[in-house]
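Protein chains in written order, with my numbering: chain A, 278 to 545; chain B, 159 to 417. Idealized CB from N, CA, C, for every residue including glycine. These numbers were taken from a predicted model, which means no experiment stands behind them. Let me begin by presenting the structure, written as structure tokens, before commenting on it.
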């Protein structure tokens, strides 16, 4: 199915042509209190990419993420999944808060998605161990959430999202509440996980620097009503390391992205 | 201060001072026991009448425990129904509130007319113990983290899975808080019921002994029975606190504070 994908006109020759996993077409979302969160949103999530949704608060980027997850239904437009419907089930979701069950150990929390799918403790053990290993928490499997730092809790949350080996990982400002040092570390580790699993990630953020560091593609959102106002692509083969964080290319991309964001804010 | 021996030494010293002061007042003023018995006389009575008093204490404790058990069963069951159907909550909650706000002492005489003495006392204790269990458990079942609820939805969890693995554990600390309140209230309800029954000349619990001793001007025995009621209350509170601590010690903040 990779061959015959019709691709909309695009301004990014460098980006790899890859199959869309999800397509949002003219999607609108209106809440009961007549707040229009999204209107006429057209966007695609492509197979294997690291897509950031960047924008100010209240621009509907989190709403878009929830729509993709199927946690709410669009009031207008369509959301289409390409390929097997099974992809829709294969979603991992990471919230802004770690959202752990305080009564369960780290192991129990990571086990949750598999447990709900009927996979017992013994059977799930290797997958849980691997997920914990990916986020570097192997030695904390019996700890309880209250014993962990903010960054470690977020790692557990990510491990829980990874344990089902989802094809699509949706992340809603997962590192916004963390200090910068912890955030940089988690950024690096997340990229490592992304490369290792070859999954697709949609990452909601309001940080220009974070989006440029992580993404292969950035969609800049504008608010009232929320929609995509600009799109930027970053070479996926670009190594993302500490050297990149201080490189002229990175700074240039950040400036470009900041300008796009400023234009999106002005357009309101 | 937290670990210093003063933490338990001070309250003990204050208690001892109170008892010694009491004894001194009685001795110095040469008060007769039918006005104010000395602590020593109360203890003497406790020992002399221990057969009757301990028997009565068992009756009261049994009533309280039974009422608490029914309150937990009924309160949790109704909370589960409330949590699954808002319409039932709207319909039945006013009745639960009416039962709660009507002083049990006012209901007791009616209960004694329609029910046997034992059952009436049990119902009085149940009425007051029921509401905190119901209210707290309902609150807990409705306090689920919305993100966790979304996560369960994404994972395709059934209603049953969501109840057992998410809502019940969320409700547990709330329920245990309600249980501790209900334990104390069940004892109060039992005592109130017994006093109402006692004034009708029936019953055998500790509060009945108080009414009975009052009629006979046996003041030392009144104090002795009162002491046992306090002990019963402390015992109930201690047992329920222990249950709460055992259930929550590994994860809940409330259990960490004193753990």
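Close Cβ partners of residue i (< 7 Å) along its chain, the five nearest in sequence each way excluded
i: residue 219 of chain B; result: 390
i: residue 283 of chain B; result: 221, 222, 225, 344, 347, 348 and 351
i: residue 353 of chain B; result: 365 and 369
i: residue 475 of chain A; result: 325
i: residue 211 of chain B; result: 204, 367, 382, 383 and 386
i: residue 246 of chain B; result: 239 and 240
i: residue 372 of chain B; result: 380
8 Å CB neighbourhood of residue i in its chain, flanking five on each side removed
i: residue 200 of chain B; result: 378, 381, 382 and 385
i: residue 373 of chain A; result: 449, 450, 451, 453 and 454
i: residue 408 of chain B; result: none
i: residue 425 of chain A; result: 383, 417 and 433
i: residue 544 of chain A; result: 499 and 506
Closest by C-alpha distance to residue i, when choosing among the options
i: residue 438 of chain A; options: A:416, A:456, A:397 and A:407; result: A:407
i: residue 446 of chain A; options: A:544, A:490 and A:471; result: A:471
i: residue 453 of chain A; options: A:441, A:485 and A:469; result: A:485
i: residue 242 of chain B; options: B:320, B:394, B:229 and B:265; result: B:320
i: residue 314 of chain A; options: A:325, A:343 and A:323; result: A:343
i: residue 305 of chain B; options: A:409, A:443 and A:377; result: A:377
i: residue 307 of chain A; options: A:544, A:332 and A:351; result: A:351
i: residue 483 of chain A; options: A:339, A:419 and A:345; result: A:339
i: residue 290 of chain B; options: B:409, B:208 and B:233; result: B:233
i: residue 194 of chain B; options: B:303, B:264 and B:375; result: B:375
i: residue 539 of chain A; options: A:317, A:331 and A:401; result: A:331
i: residue 546 of chain A; options: A:526, A:478, A:529 and A:473; result: In the structure as shown, chain A begins at 278 and stops at 545. Residue 546 of chain A is therefore absent and cannot be evaluated.
i: residue 395 of chain A; options: B:183, B:168, B:167 and B:316; result: B:316
i: residue 335 of chain B; options: B:228, B:410 and B:363; result: B:410
i: residue 174 of chain B; options: B:198, B:192 and B:190; result: B:198
i: residue 228 of chain B; options: B:287, B:208, B:261 and B:216; result: B:287
i: residue 501 of chain A; options: A:297, A:318, A:296 and A:295; result: A:318
Under 8 Å between C-beta atoms of residue i and residue j
i: residue 451 of chain A; j: residue 422 of chain A; result: no
i: residue 348 of chain B; j: residue 222 of chain B; result: yes
i: residue 295 of chain B; j: residue 237 of chain B; result: yes
i: residue 181 of chain B; j: residue 196 of chain B; result: yes
i: residue 496 of chain A; j: residue 467 of chain A; result: no
i: residue 298 of chain B; j: residue 251 of chain B; result: no
i: residue 329 of chain B; j: residue 292 of chain B; result: no
i: residue 416 of chain A; j: residue 375 of chain A; result: no
i: residue 354 of chain A; j: residue 301 of chain A; result: yes
i: residue 534 of chain A; j: residue 488 of chain A; result: yes
i: residue 370 of chain A; j: residue 309 of chain B; result: yes
i: residue 341 of chain B; j: residue 285 of chain B; result: no
i: residue 443 of chain A; j: residue 313 of chain B; result: no
i: residue 418 of chain A; j: residue 440 of chain A; result: no
i: residue 406 of chain B; j: residue 331 of chain B; result: yes
i: residue 270 of chain B; j: residue 264 of chain B; result: no
i: residue 507 of chain A; j: residue 541 of chain A; result: yes
i: residue 404 of chain A; j: residue 392 of chain A; result: no
i: residue 281 of chain B; j: residue 273 of chain B; result: yes
i: residue 363 of chain B; j: residue 262 of chain B; result: no
Neighbourhood of residue i by C-beta, 6 Å cutoff - its chain only, sequence neighbours within 5 removed
i: residue 455 of chain A; result: 427 and 428
i: residue 515 of chain A; result: none
i: residue 503 of chain A; result: 314, 315, 336 and 337
i: residue 258 of chain B; result: 289
i: residue 417 of chain B; result: Since pLDDT at residue 417 of chain B reaches only 41, below the 50 mark, its modelled position is unreliable, and the value read off the structure follows with that caveat. Closer than 6 Å at the Cβ level, and outside the excluded window around residue 417 of chain B, lie 407.
Interface flag, residue i vs chain C, CB-CB below 8 Å
i: residue 317 of chain B; result: Reference to chain C is not applicable here, since the protein chains of this structure are A and B.
Inter-residue CB distance, residue i and residue j (contact presumed, cutoff 8 Å)
i: residue 499 of chain A; j: residue 510 of chain A; result: In fact, because the Cβ distance is near 19 Å, the residues do not count as touching under 8 Å.
i: residue 304 of chain A; j: residue 321 of chain A; result: About 12 Å; that fails the 8 Å criterion.
i: residue 431 of chain A; j: residue 480 of chain A; result: That belief does not hold up - the Cβ atoms of residue 431 of chain A and residue 480 of chain A are roughly 13 Å apart, past 8 Å.
i: residue 311 of chain B; j: residue 348 of chain A; result: 7 Å
i: residue 398 of chain A; j: residue 388 of chain A; result: 7 Å
i: residue 338 of chain B; j: residue 398 of chain B; result: 5 Å
i: residue 412 of chain A; j: residue 436 of chain A; result: 5 Å
Legend entry - Within 8 Å of chain B by C-beta, residues of the segment 474-503 of chain A in sequence order: none
Inset, instruction - For the segment 333-356 of chain B, enumerate the residues whose C-beta is nearer than 8 Å to any C-beta of chain A, in chain order. - result: none
Legend entry - Residues in the segment 408-429 of chain A having any Cβ partner in chain B nearer than 7 Å: Contacts with chain B (Cβ-Cβ distance below 7 Å) from the segment 408-429 of chain A involve 421 and 423, listed in chain order.
Inset, instruction - Compile a chain-ordered list of the residues in the segment 344-375 of chain A whose CB is closer than 8 Å to at least one CB of chain B. - result: Taking 8 Å as the Cβ-Cβ cut-off against chain B, the residues of the segment 344-375 of chain A that qualify are 346, 347, 348, 366, 368, 370, 372 and 374.
Legend entry - Cβ-based contacts, 7 Å cut-off: residues of the segment 364-385 of chain B near chain A: none
Inset, instruction - Please list the residues of the segment 404-415 of chain B that have a C-beta atom closer than 9 Å to any C-beta atom in chain A, keeping them in chain order. - result: 406, 408, 409, 410, 411 and 414
Inset, instruction - Report the residues of the segment 302-314 of chain B with a CB closer than 8 Å to any CB of chain A, ordered along the chain. - result: Taking 8 Å as the upper bound on Cβ-Cβ separation, chain A lies near residues 303, 305, 306, 308, 309, 310, 311, 312, 313 and 314 of the segment 302-314 of chain B.
Legend entry - the segment 384-401 of chain A: positions lying closer than 8 Å to chain B by Cβ: For the segment 384-401 of chain A, which is checked against every Cβ of chain B, the residues closer than 8 Å are 389, 390, 392, 393 and 394.
Legend entry - Short-range partners of chain A found in the segment 318-330 of chain B, where Cβ spacing is below 7 Å: 319 and 327
Legend entry - Residues in the segment 427-452 of chain A having any Cβ partner in chain B nearer than 7 Å: none
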